[in-house]
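Reviewing the structure listed below.
Protein chains in written order, with the numbering used here: chain A, 21 to 375; chain B, 21 to 375.
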C-alpha cells in the first residue's frame, strides 16, 4: 500500500477544484487540466498517494515551468491499423497521450475484439490502473503498462537497467467490484525503502540489493543500491519485456538511457513509452454470463479457508475501492509538509490553497 | 531450470521418430502426432524436461488410453472477429488447439496489427514459450498463457485456488537470439519441492506454505501445502488474472474446480483454457529498426557491470537456447527409470524403444 499515514483531511472536491486551477495557471488547457487532475485525485482516493497530488502536483508544475514537459498537448497518430495505433506524445503530459490511446483502444476493440496501442515520447502517466479501468464501463478487460527510469538491475548485474515498470489489469464484474490489479515489478517501491531509511529500520530480506548487487537489509545501502524484482529472475524478465515493448517498440527511452525521473531530473524530458490494451468480453462470451462468473469466482476466493493468522482474503483492487469509499466520505489525507508546499505553490501562482 | 541432471543421452531425432510412432499407435493422426511430438522434443531440447517426453509422454498416452483426453482432434471456431477467435478444443490434445489458435492469431495480427485468441475445454498444451515463439518467424511479438489446476492459495488463504498459470513472451531480435520469457507465477515449481523432499533438504524461505497457509522451509510440509506466488500478493494477483482470463472468459475450468491434473487424475478431462496473442512489430516500427534496437539493448544488458559473485548476466531464454544447442549436438538426457518406462511402453505398443 502506498497510502500516507496521518496528515490533514481535505474533501476530494476541494482539492480537485484547486488542482485544476493550478494546472491552468501553468498553461495547461482547461479540459486537459480536468483530466490530469482527475487522474491524480483518483490515485489519492484509492490510497495510491505516490501517484496523487501529494507527490505529483509540485513535480508536474515544476517540470512544466522549467520547460522539461510541455503544458500544451500535441498528439500525432503515427501509425494506425484496425486494432493498433501508435501515438507520438511529443513530450506532452503523459495522461493526455494515455487518454487518447485508451479511448482509441476501446473503440477499436469494440469493432475487432481486441486492440493494442502505444504512446511514444511520453511522460509519467499516473496510476496504471486508471487507464486499465477505463475499459470497465464498456464491459471490456483493460490493460496498461509503462516503462520508467531504471531502478532495478538484471539478475546477476548491479547496474540499474529497468524501471519499476508497472502494469495493470482490470476485469469487469457484476455485483462484485471489478478486479483491478496494479503492480510494479519490484518487490517494494523505492518510497518504502525511503521510509525504512528514515526510521533506521532493517528491510525485509529479498527487497533490495546494495551497490555491489549483493542482497541487503540495510535501508541506507539499499537507497544507494537497487530494488529487487519480484520472483528474482522472473521479475527481471517481466521488467525487461515491459521495457522492450513500451520503450523500444515505441522508439522511446529504455534501459539505462533515462535521464532520471520526475523530481530527480528537471533538465531533460523523460521520454517514456506506454502501452494499452482492451479485450472485448463479448468476442468470447456473453458479457452478463462473464460478469456473473467473475462474481462467483470472487466469492469463492473470498470465502475460501483463511491462512493461520489471516483475517480475510482480499481480491486485487478491493483495498483500493474500500479506501476510495472512506476517503470520499472523510477526505484525502495530505501530510503537513505537503500542505505547506501547496500553500506556497498556491500563493505563488495566485490560487490560494483552500485550507 | 527444469532440466534433468544425469540420465542417458539419446539423439533428439531418434526420440522424435519413436514418439511420433507411439502417439499414432494410441490413435493420434500422423500430422497431429508430429506436432505434439515436436512440442515435447523442443521442450526437452530447451532443458524444460518437465514439458518434454521425459514427463509428459507416458501421461498423455495414459490419458488417451483411458479416454480422459481425445486422441482425435476436433476444433470448432465458436466466436470470431477481425482480431479475436475463440476455439472450442472439445477435450482434444491441448497442443492441437494451441497450434490452430496461434496460427489464426498470427494471420489476424498481420492484417489488423494485433490479435488475441483463446482455446476453451482444452488440455495441457506443453511449454508456453513454444506457442509464443511461433510469432518470431513472422517478425511479431508473441504471447501465450494458460491456466492450470490449483497449486497456490490466494494471499491470506490456505486453499489451493490457482495453478502455476505460466505465461510466455517472445520478442524478435536480429543477430542476437530472440528474448524468450517463460515463467510460472509460483516462485518454484512443485517438481523442485519434490526434489528437495527426496533429499530431505530444507527449502529456501519464500518458496512454500504448509497446509495451514503458514510459510515453511520443510519440503514435506510444503508438499502437503502450497506453492508461494512470486512477489507475494503480486503473484497472487497475476495468477488470478490469468485464471480469470484463461478459465472464466473461455467458459473452461478455473479456481478450485479442476479435477486434478495429468497423472493425478486419470478420470476426468482437465478442461483448461489458454490464450494467445501476437503484436505485429511493423504496426509500430520498421521491423529491421526494431530488431536492431533489441540487439543493442541485449548487448547493453549483457555487458553491464556484474553483481559481486556473478559470472555473467543472462537474457531471458538464453540458457534455453544454449541448452538446445548442446542437446542437439550431444543428445537429450533421459533418466534411467524413464528409459525403463519407455522400454515397457514401446514393447506394449509394438514400437520398441530405440536404445
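Backbone N, C-alpha and C define an ideal beta-carbon position, used for all residues, glycine too.
This structure is a prediction, so every number in the text was calculated from the model and none was measured.
According to DSSP, which residues form a beta bridge with residue i?
i, result
"residue 104 of chain B", "B/136"
"residue 112 of chain B", "According to DSSP, residue 112 of chain B bridges with nothing at all."
"residue 300 of chain B", "B/160"
"residue 355 of chain A", "Answer by DSSP bridge pairing: none, since residue 355 of chain A is not bridged."
"residue 152 of chain A", "None; residue 152 of chain A has no bridge partner."
"residue 166 of chain A", "A/294"
"residue 207 of chain A", "Note: residue 207 of chain A sits in no beta bridge, so no partner."
"residue 326 of chain B", "A/177"
"residue 99 of chain A", "A/106"
"residue 187 of chain B", "B/165, B/203"
Determine, using beta carbons only, whether residue i and residue j come nearer to each other than 8 Å.
i, j, result
"residue 109 of chain B", "residue 79 of chain B", "no"
"residue 193 of chain B", "residue 343 of chain B", "no"
"residue 164 of chain A", "residue 152 of chain A", "yes"
"residue 142 of chain A", "residue 272 of chain A", "yes"
"residue 336 of chain B", "residue 257 of chain A", "yes"
"residue 206 of chain A", "residue 249 of chain A", "yes"
"residue 251 of chain B", "residue 251 of chain A", "yes"
"residue 307 of chain B", "residue 34 of chain B", "no"
"residue 204 of chain B", "residue 246 of chain B", "no"
"residue 40 of chain A", "residue 276 of chain B", "no"
"residue 270 of chain A", "residue 304 of chain B", "yes"
"residue 154 of chain A", "residue 315 of chain A", "no"
"residue 81 of chain A", "residue 365 of chain A", "yes"
"residue 201 of chain A", "residue 189 of chain A", "yes"
"residue 209 of chain B", "residue 70 of chain B", "yes"
Our contact map puts residue i next to residue j with C-beta atoms below 8 Å; I'd like the distance itself, whole angstroms only.
i, j, result
"residue 113 of chain A", "residue 89 of chain A", "6 Å"
"residue 145 of chain B", "residue 171 of chain B", "Contact flag wrong, Cβ pair sits at about 17 Å."
"residue 255 of chain A", "residue 325 of chain B", "Contact doesn't hold; Cβ gap of about 19 Å is too wide."
"residue 298 of chain A", "residue 161 of chain A", "7 Å"
"residue 134 of chain B", "residue 104 of chain A", "5 Å"
"residue 168 of chain A", "residue 184 of chain A", "6 Å"
"residue 313 of chain A", "residue 265 of chain B", "That belief does not hold up - the Cβ atoms of residue 313 of chain A and residue 265 of chain B are roughly 12 Å apart, past 8 Å."
"residue 352 of chain B", "residue 65 of chain B", "7 Å"
"residue 294 of chain A", "residue 150 of chain A", "In fact, because the Cβ distance is near 12 Å, the residues do not count as touching under 8 Å."
"residue 42 of chain B", "residue 371 of chain B", "6 Å"
"residue 213 of chain B", "residue 239 of chain B", "6 Å"
"residue 68 of chain B", "residue 147 of chain B", "5 Å"
"residue 45 of chain A", "residue 369 of chain A", "4 Å"
"residue 93 of chain A", "residue 296 of chain A", "At roughly 17 Å, the Cβ-Cβ gap does not stay under 8 Å, so residue 93 of chain A and residue 296 of chain A are not in contact."
"residue 223 of chain B", "residue 242 of chain B", "6 Å"
"residue 226 of chain A", "residue 329 of chain B", "Not confirmed; about 17 Å, so no contact."
"residue 287 of chain B", "residue 166 of chain B", "At roughly 21 Å, the Cβ-Cβ gap does not stay under 8 Å, so residue 287 of chain B and residue 166 of chain B are not in contact."
"residue 120 of chain A", "residue 95 of chain A", "5 Å"
How should residue i be labelled, buried or exposed, when 16 other C-beta atoms within 10 angstroms of its C-beta is the threshold for buried?
i, result
"residue 28 of chain A", "exposed"
"residue 218 of chain A", "exposed"
"residue 323 of chain A", "exposed"
"residue 348 of chain B", "exposed"
"residue 283 of chain A", "exposed"
"residue 57 of chain A", "buried"
"residue 358 of chain A", "buried"
"residue 101 of chain A", "buried"
"residue 62 of chain B", "buried"
"residue 86 of chain A", "exposed"
"residue 115 of chain A", "buried"
"residue 230 of chain A", "buried"
"residue 345 of chain B", "exposed"
"residue 21 of chain A", "In this predicted model, residue 21 of chain A has a pLDDT of only 38, less than 50, meaning its place in the structure is not dependable enough to derive any value."
"residue 24 of chain B", "The pLDDT assigned to residue 24 of chain B is 48, lower than 50, so where the model puts this residue is not dependable; a value taken from the coordinates is nonetheless given after this. Classification for residue 24 of chain B: buried."
"residue 244 of chain A", "exposed"
"residue 52 of chain B", "buried"
"residue 199 of chain A", "buried"
Please list, in chain order, the residues of the region 71–97 of chain B that have any C-beta partner in chain A closer than 9 Å. Within the region 71–97 of chain B, no residue has a Cβ that lies closer than 9 Å to any Cβ of chain A.
Near-chain A residues of the region 325–337 of chain B - C-beta to any C-beta below 9 Å: The residues in question are 325, 326, 327, 328, 329, 330, 331, 332, 333, 334, 335, 336, 337.
Report the residues of the region 101–121 of chain B with a CB closer than 9 Å to any CB of chain A, ordered along the chain. Of all residues in the region 101–121 of chain B, the ones placed with a Cβ closer than 9 Å to any Cβ belonging to chain A are 101, 102, 103, 104, 105, 106, in chain order.
Near-chain A residues of the region 213–233 of chain B (beta-carbon distance less than 8 Å), N- to C-terminal order: Under the 8 Å Cβ criterion, the region 213–233 of chain B contributes 225, 226, 229, 232, 233.
Where the region 160–175 of chain A meets chain B: residues whose CB sits under 8 Å from a CB there: The region 160–175 of chain A vs chain B, Cβ under 8 Å: 161, 173, 174, 175.
Could you run through the region 179–193 of chain A and flag, in chain order, every residue whose CB is less than 7 Å away from some CB of chain B? For the region 179–193 of chain A, which is checked against every Cβ of chain B, the residues closer than 7 Å are 179, 181, 189, 191.
Going along the chain, which residues of the region 257–268 of chain A sit with their C-beta nearer than 9 Å to a C-beta in chain B? Across the region 257–268 of chain A, CB contacts with chain B closer than 9 Å involve 257, 258, 260, 261, 263, 264, 265, 267, 268, in sequence order along the chain.
When Cβ atoms are compared, which residues of the region 123–134 of chain A fall closer than 9 Å to chain B? For the region 123–134 of chain A, residues whose beta-carbon sits nearer than 9 Å to a beta-carbon of chain B comprise 128, 129, 131, 132, 133, 134.
Contact set between the region 345–364 of chain A and chain B, restricted to residues whose Cβ is under 8 Å from the partner: Look at the region 345–364 of chain A: it has no residue with a C-beta under 8 Å from a C-beta of chain B.
Residues from the region 303–320 of chain B in contact with chain A, defined by Cβ distance under 7 Å: Taking 7 Å as the Cβ-Cβ cut-off, the region 303–320 of chain B approaches chain A at 303, 304, 305, 310, 313, 314, 317, 320, given in chain order.
Between the region 136–152 of chain A and chain B, which residues of the former have CB atoms less than 8 Å from a CB of the latter, in chain order? From the region 136–152 of chain A, only 136, 138 have a Cβ closer than 8 Å to chain B.
Chain A contacts made by the region 269–284 of chain B, where a contact means CB separation under 8 Å: Correct list: 269, 270, 271, 274, 275, 276.
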